[in-house]
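To keep things clear, I will list the structure first and then write my remarks on it.
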DNA sequence: AATGGAATTAATGTATACAATTATACATCT
DNA sequence: AGATGTATAATTGTATACATTAATTCCATT
């Protein structure tokens, strides 16, 4: 087992990133180092490190009044999907070409998990499993560059994807699309995985943006 | 005049990023907070903030022995070019569609600067102007997502691009390619800018990787 | 000489203290 | 009333002190 010990700063970074991207904190909200450190029961130092790393990723913006939560506009979502359309399809192809047995098993596990939550009509569970599926696929590319590039883009829209899963139809079709992608990857068919991913991204985009 | 005051941490981040990506520090070299703070004449705090942000971008890796400088493999370069091929062409199209007068002037200025250095056979100057041209083009897209995504990818290979400019032929053809892209953008011809950028990226890739 | 393990060292991680800057409130002047 | 200046407060930025952990050294034991 590889239980890596995370520093307090790392834990706070993960927690704040999740809370901001899922909407616990809202757009333009000001997070001050002192308040956060008091709430969390730690000193300002690790809080400050977490915030400066969030600022690095443009998730917050440091100001003299506190770290301002950056919102995500509709145009941001459009741009993210335009970029993902072009490179996540490549990632699917690379995954098909480089997949190892263990990674494939993990991808399958997340697919099954998504099916489980979709049948239970659990939107949060479905959304989490969806996120896991994509991140696992990135890992299959064996490309740190791809993982670093797509990971943040995908995480940024988790809140909006969540909303789209309230359309029950979307949850079911998304599951089917994932299944097709998984099978193409498992079969080592890069071309097919690439094309199916293109279709999937375009449908997800339409489901979220409605156009 | 907009002389923005940068914090010490920001300055150190910029300096270290530049020095690592241009090869002042080499692969696997260990940077310790204490030594850096003594060398730079500041406390560990801003040094530490800079390093943790560099780790966030996978430019260094934090270990118990210091911040280890991460190297860039040939495969990393291949992956970066594969991604840029697909989205920097989109960026060129977006730049053509969203360019404003001031941004175009800046792009032209950097093009002229590249010409100046190319004629003088100044590889470092040419490389710097090349980098500036691409970053200015990203800015023209008016898309924070595009800027955030492409910026780091482009900066990562500055050292290797520098080497490719030692082939005088490459410097001249690159200049010509940039000129074509600039003119397509200035003319508002998105399709052409997109196609010319694809060609440019592919040629640059070949020039660096030799295959 | 090889091995094991305590002592030491060197590094990061965290807390606190201090400095500098910016925002706010309030009084004063016109 | 509105502008302006000044004191106060709130917040970030930096330095330093302390805690913890991992590597290294070195000595004792076999």
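Residue numbers (the numbering used here), protein chains in the order written: chain A, 652 to 862; chain B, 652 to 862.
Just so it is clear, CB atoms sit at the ideal spot from N, CA and C, and this is done for glycine as well.
Reference residue 746 of chain B; option with closest CA among B/779, B/769, B/711, B/786: From the listed residues B/779, B/769, B/711, B/786, the smallest Cα separation to residue 746 of chain B is found for B/786.
Residue of B/715, B/681, B/693 minimising C-alpha distance to residue 656 of chain A: B/715
Residues sharing a beta bridge with residue 713 of chain B, DSSP: B/718
Residue 847 of chain A versus residue 739 of chain A - alpha carbon distance: 11 angstroms
Per-residue burial, residue 818 of chain A [other beta carbons within 10 Å of its own, 16 or more giving buried]: exposed
CB of residue 660 of chain B within 9 angstroms of CB of residue 703 of chain A, strictly: yes
Short CB-CB distance (under 9 angstroms) between residue 782 of chain A and chain B: Closer than 9 angstroms: no.
Chain B residues whose Cβ lies nearer than 8 angstroms to that of residue 709 of chain A: Correct list: 795, 799.
Any C-beta of chain B under 9 angstroms from that of residue 700 of chain A: yes
Short Cβ contact (9 angstroms threshold) for residue 727 of chain A with residue 796 of chain B: Taking a C-beta distance under 9 angstroms as the contact criterion, residue 727 of chain A and residue 796 of chain B qualify as a contact pair.
Chain A contact for residue 703 of chain B (CB, 9 angstroms cutoff): yes
Close-in-space but distant-in-sequence residues of the same chain around residue 843 of chain B (CB under 7 angstroms, 5 per side omitted): 835
Candidates B/782, B/811, B/821, B/806: closest to residue 708 of chain B by CA position: B/806
Listed by chain order, chain B residues near residue 730 of chain A by CB distance under 7 angstroms: The contacting residues are 794, 796, 797.
Secondary structure of residue 681 of chain A, DSSP reduced to three states: Here residue 681 of chain A sits in strand by DSSP.
Selection from A/672, A/675, A/705, A/759 that minimises the alpha carbon distance to residue 684 of chain A: A/705
Residue 855 of chain A, DSSP secondary structure in three states: helix
Cβ neighbour criterion (16 or more within 10 Å) applied to residue 765 of chain A: With at least 16 other beta carbons inside 10 angstroms of its own, residue 765 of chain A counts as buried.
Short CB-CB distance (under 9 angstroms) between residue 870 of chain B and chain A: Coverage of chain B is limited to positions 652 through 862, which leaves residue 870 of chain B absent and any answer about it impossible.
Integer-rounded CB distance, given that residue 804 of chain A should sit under 8 angstroms from residue 859 of chain A: Here residue 859 of chain A is actually not in contact with residue 804 of chain A; their C-beta atoms are around 14 angstroms apart, not less than 8 angstroms.
Inter-residue CB distance, residue 736 of chain B and residue 828 of chain B (contact presumed, cutoff 8 angstroms): Their Cβ separation, rounded to whole angstroms, is 14 angstroms, which puts residue 736 of chain B and residue 828 of chain B out of contact at 8 angstroms.
Chain A within 9 angstroms of residue 691 of chain B, Cβ atoms only: no
Beta-carbon separation (whole angstroms), residue 821 of chain B vs residue 778 of chain B, contact threshold 8 angstroms: So it is not a contact: roughly 11 angstroms between Cβ atoms.
Within chain B, partners of residue 808 of chain A - CB distance below 7 angstroms: By Cβ distance, chain B contributes nothing, its closest Cβ being about 11 angstroms from residue 808 of chain A, past 7 angstroms.
Residue 780 of chain B beta carbon less than 9 angstroms from that of residue 761 of chain B: Between residue 761 of chain B and residue 780 of chain B, the C-beta spacing is below 9 angstroms.
Below-9 angstroms beta-carbon distance, residue 859 of chain A vs any chain B residue: no
Collapsed DSSP secondary structure at residue 751 of chain A in the structure displayed: Three-state result, residue 751 of chain A: coil.
From B/774, B/691, B/809, residue whose alpha carbon lies closest to that of residue 782 of chain B: B/809
Outcome for residue 851 of chain A when other beta-carbon atoms lying within 10 angstroms are tallied against a minimum of 16: buried
Min CB distance residue 653 of chain B to chain A below 9 angstroms: For residue 653 of chain B, the pLDDT reaches just 46, beneath the cut-off of 50, and the residue's location in the model is therefore unreliable, leaving the point undetermined.
Assumed close pair residue 720 of chain B, residue 711 of chain B - CB separation to whole angstroms, cut-off 8 angstroms: 6 angstroms
7 angstroms Cβ shell around residue 872 of chain B - same chain, five flanking residues per side excluded: This structure cannot settle anything about residue 872 of chain B, because the visible part of chain B is limited to 652 through 862.
Inter-residue CB distance, residue 841 of chain A and residue 752 of chain A (contact presumed, cutoff 8 angstroms): Wrong, their Cβ atoms sit about 17 angstroms apart, outside the cutoff.
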